[in-house]
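Contents: one structure, followed by commentary.
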């Protein structure tokens, strides 16, 4: 049972407004915590707060933590040249710090054209002097993942298991691999609860005016738990001071703007600066993954907001989250009107992404390959979705869950699906790939033609196979 949000300065009315404001943005899951205490949880069916999903570039923040922990252990130095730890040519003398802050001197255009191969990054002459420009990219973090593996002798995820994941109560998770190494730049799968614990672990030892909580270094991984105070102190103070305390300018990254440059009003939350795997925000800093995977960390107030969703208008989502953040008071508030509390509980219990189906529009570009797929009517008013790798019965009044496979591919696709017939005879179905932010929008015309489009397309390769869950962790991804 979570405490009343007002006890920690958060108005329940602000949470209700948040739910309303997120409508149509395909929200999936939310956790709000303050000083280690969870104040609110919400999930929009078929999504859950306790199921891991692909968090895209939140992975970069976790990889940065691995590098900073290695440095805290004295095994590396942030100003070490990369070739001290990787047996690769490093003609431009790039250091770990330059990779962490994405100030290698390469332009955005250069990094977008590169594969995520450390050899290419290190060999490519930077367009600008090393250290003079910020350019957000994935090759830098892919290289850092290789460094973590080389120095620790383990996969980055395995290195972090006893140092970060286990102490925070983060259960078995998985990371997509590239050339046998955890990707680092993407590919990590976390629950929204995990995100909240990671964010809380980066808070200062004690907020102003508060006594530090007990230094408990063990959180239960069985169930969500209502208090995250066990996360405080897991990440060494020196690491926390670096990851959330030093930022390079990201405003006018190609124009040489200084760190005090005014944020771009069009993208204010991506022009305030970038640190060691995190973005500077209007308040505090955040971990940030594609399509709206966010962990907002506010050291000054002890607030953490963890969010998962699927939208291309991520600035709009952040604007909504910031309104919640800005509603928080320093001190406890009077108790909410019982009617407001009852309304909040009712809303949370009934959240369902299906209610926004009319506003979830297809992305551009091709949809997934539907070779061998059929959608047929059943005698009980449902629809049978049959694929070469499994079948699922779909109904208009509830989500059906199951596991699909792809012929010739290892791994599984955890899915949830739902379908309805429209007045014109068209059948509309949604297939949510629940271990990712993505869903497929299926349409069967009155003539029987089946079409599929992504709502948000998987990055790099917009194909179902890129979302497969490895066989060894398939049981962890059950929808």
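In this note's numbering, the protein residues as written are 207 to 685.
Where is the CB? At the ideal position from N, CA and C, for every residue including glycine.
Helix, strand or coil for residue i per DSSP?
{"i": "residue 408", "result": "coil"}
{"i": "residue 672", "result": "helix"}
{"i": "residue 324", "result": "helix"}
{"i": "residue 400", "result": "helix"}
{"i": "residue 645", "result": "strand"}
{"i": "residue 387", "result": "strand"}
{"i": "residue 653", "result": "coil"}
{"i": "residue 365", "result": "helix"}
{"i": "residue 256", "result": "coil"}
{"i": "residue 395", "result": "strand"}
{"i": "residue 514", "result": "strand"}
{"i": "residue 452", "result": "coil"}
{"i": "residue 278", "result": "helix"}
{"i": "residue 424", "result": "Legend: pLDDT at residue 424 = 42, less than 50; position of this residue unreliable, value from coordinates given subsequently. Three-state DSSP puts residue 424 in coil, outside helix and strand."}
{"i": "residue 234", "result": "strand"}
{"i": "residue 250", "result": "coil"}
{"i": "residue 284", "result": "coil"}
{"i": "residue 639", "result": "strand"}
{"i": "residue 677", "result": "helix"}
{"i": "residue 509", "result": "strand"}
{"i": "residue 558", "result": "strand"}
{"i": "residue 475", "result": "helix"}
Could you tell me which residues DSSP puts in a beta bridge with residue i?
{"i": "residue 614", "result": "Note: residue 614 sits in no beta bridge, so no partner."}
{"i": "residue 491", "result": "486, 503"}
{"i": "residue 267", "result": "For residue 267, which the question treats as bridged, DSSP gives no partner whatsoever."}
{"i": "residue 179", "result": "The structure shown does not extend to residue 179, since the chain spans only 207 to 685, so no value can be given for it."}
{"i": "residue 480", "result": "454, 485"}
{"i": "residue 627", "result": "633"}
{"i": "residue 609", "result": "620"}
{"i": "residue 583", "result": "589"}
{"i": "residue 596", "result": "593"}
{"i": "residue 440", "result": "Note: residue 440 sits in no beta bridge, so no partner."}
{"i": "residue 659", "result": "647"}
{"i": "residue 244", "result": "239"}
{"i": "residue 550", "result": "Looking at the DSSP assignment, residue 550 forms no beta bridge with any residue, so it has no partner."}
{"i": "residue 666", "result": "For residue 666, which the question treats as bridged, DSSP gives no partner whatsoever."}
So, under 8 Å CB-CB, residue i and residue j are touching, yes? Tell me the CB distance rounded to an integer number of Å.
{"i": "residue 337", "j": "residue 311", "result": "7 Å"}
{"i": "residue 664", "j": "residue 571", "result": "Not really, about 11 Å apart at Cβ, beyond 8 Å."}
{"i": "residue 536", "j": "residue 215", "result": "6 Å"}
{"i": "residue 482", "j": "residue 306", "result": "5 Å"}
{"i": "residue 490", "j": "residue 503", "result": "5 Å"}
{"i": "residue 641", "j": "residue 620", "result": "5 Å"}
{"i": "residue 494", "j": "residue 263", "result": "6 Å"}
{"i": "residue 445", "j": "residue 302", "result": "14 Å between Cβ atoms; not a contact."}
{"i": "residue 624", "j": "residue 636", "result": "6 Å"}
Have a look at residue i and residue j and give me their C-alpha separation to the nearest angstrom.
{"i": "residue 374", "j": "residue 439", "result": "10 Å"}
{"i": "residue 519", "j": "residue 235", "result": "17 Å"}
{"i": "residue 580", "j": "residue 573", "result": "15 Å"}
{"i": "residue 676", "j": "residue 318", "result": "27 Å"}
{"i": "residue 358", "j": "residue 283", "result": "14 Å"}
{"i": "residue 652", "j": "residue 477", "result": "48 Å"}
{"i": "residue 674", "j": "residue 593", "result": "15 Å"}
{"i": "residue 209", "j": "residue 233", "result": "23 Å"}
{"i": "residue 612", "j": "residue 589", "result": "21 Å"}
{"i": "residue 226", "j": "residue 526", "result": "10 Å"}
{"i": "residue 378", "j": "residue 629", "result": "45 Å"}
{"i": "residue 246", "j": "residue 552", "result": "13 Å"}
{"i": "residue 487", "j": "residue 298", "result": "31 Å"}
{"i": "residue 602", "j": "residue 569", "result": "23 Å"}
{"i": "residue 396", "j": "residue 253", "result": "13 Å"}
{"i": "residue 634", "j": "residue 498", "result": "25 Å"}
{"i": "residue 698", "j": "residue 556", "result": "Only positions 207 to 685 of the chain appear in this structure, which leaves residue 698 out of reach."}
{"i": "residue 506", "j": "residue 293", "result": "42 Å"}
{"i": "residue 347", "j": "residue 269", "result": "7 Å"}
{"i": "residue 277", "j": "residue 256", "result": "32 Å"}
{"i": "residue 678", "j": "residue 544", "result": "47 Å"}
{"i": "residue 540", "j": "residue 217", "result": "9 Å"}
{"i": "residue 596", "j": "residue 627", "result": "22 Å"}
{"i": "residue 647", "j": "residue 662", "result": "10 Å"}
{"i": "residue 392", "j": "residue 496", "result": "10 Å"}
{"i": "residue 567", "j": "residue 645", "result": "11 Å"}
{"i": "residue 565", "j": "residue 296", "result": "49 Å"}
{"i": "residue 390", "j": "residue 325", "result": "16 Å"}
{"i": "residue 406", "j": "residue 658", "result": "40 Å"}
{"i": "residue 342", "j": "residue 655", "result": "42 Å"}
{"i": "residue 492", "j": "residue 501", "result": "5 Å"}
Ordered list of beta strand (DSSP E) runs contained in the stretch 297 to 361, each at least 3 residues: none
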